[in-house]
Ligand SMILES: [Zn+2]
Ligand SMILES: [Zn+2]
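In the working numbering, the protein residues as written are 5 to 144.
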């Protein structure tokens with residue numbers, strides 16, 4: 005896979021050892037179609053590599069996040085999920101009633117960014133934002 009190779013390349017360049025755990029966790033994030041939780045990653049990796057424990061997964065994800073290789077999003081109610089940084093060009097609407105997560109285009113919040121800059125001289129970093137509310141089903 006192209007992306008995981010570049011992510012592992014980044015790790016190596018920065019002087020981090022490419023342990024089997026790190027490679028497998030990177031691959032699990034890359035393979036996920038959308039967002040994956042640390043627990044789901046653990047289940048996947050554990051099948052192939054029974055020696056791994058959940059705290060290694062958490063630690064590795066923390067490292068990958070610090071290096072800018074994965075994006076972490078808090079979907080509320082302790083639902084923290086990850087995806088690779090190059091799949092992060094969108095935002096999310098999160099329904100507080102049924103828990104549905106709807107992807108929206110990155111450009112949707114561009115106007116908000118402009119307003120914040122114009123009015124508050126504040127340059128907002130709106131990467132992969134979760135907006136909470138009620139979905140169309142739950143509003144009925
Ligand atoms: Zn996302
Ligand atoms: Zn809903």
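Just so you know, even glycine gets a beta-carbon here, dropped at the ideal spot from N, CA and C.
Beta carbon of residue 141: closer than 6 Å to some heavy atom of ligand 2? yes
Cβ-Cβ distance between residue 106 and residue 87 below 7 Å: no
Output the boundary residues of the beta strand (DSSP E) element that contains residue 108. Run containing residue 108: 105–109, per the beta strand (DSSP E) assignment.
C-alpha gap between residue 17 and residue 64, whole angstroms: Each residue's Cα considered, the two are about 17 Å apart.
Going by Cα to Cα distance, which pick from 108, 47 and 81 is closest to residue 93? 108
Please list the terminal residues of the continuous beta strand (DSSP E) segment that includes residue 142. Counting along the chain, residue 142 falls outside any beta strand (DSSP E), though it belongs to the alpha helix (DSSP H) covering 140–143.
List the endpoints of the continuous beta strand (DSSP E) containing residue 134. 134–137
Could you check where the alpha helix (DSSP H) with residue 70 kicks off and where it finishes? 58–70
Check whether residue 85 and residue 41 have beta carbons under 7 Å apart: yes
Name the one or two DSSP bridge partners that residue 87 has. Partner(s): 75.
Can you tell me where the beta strand (DSSP E) holding residue 96 begins and where it ends? Here the beta strand (DSSP E) through residue 96 covers 94–99.
For residue 138, the nearest candidate out of 60, 123, 116 and 96 (CA to CA): 96
Using 7 Å as the limit for Cβ to Cβ distance, is residue 54 near chain B? Absent here is chain B; the protein component of the structure consists of one chain.
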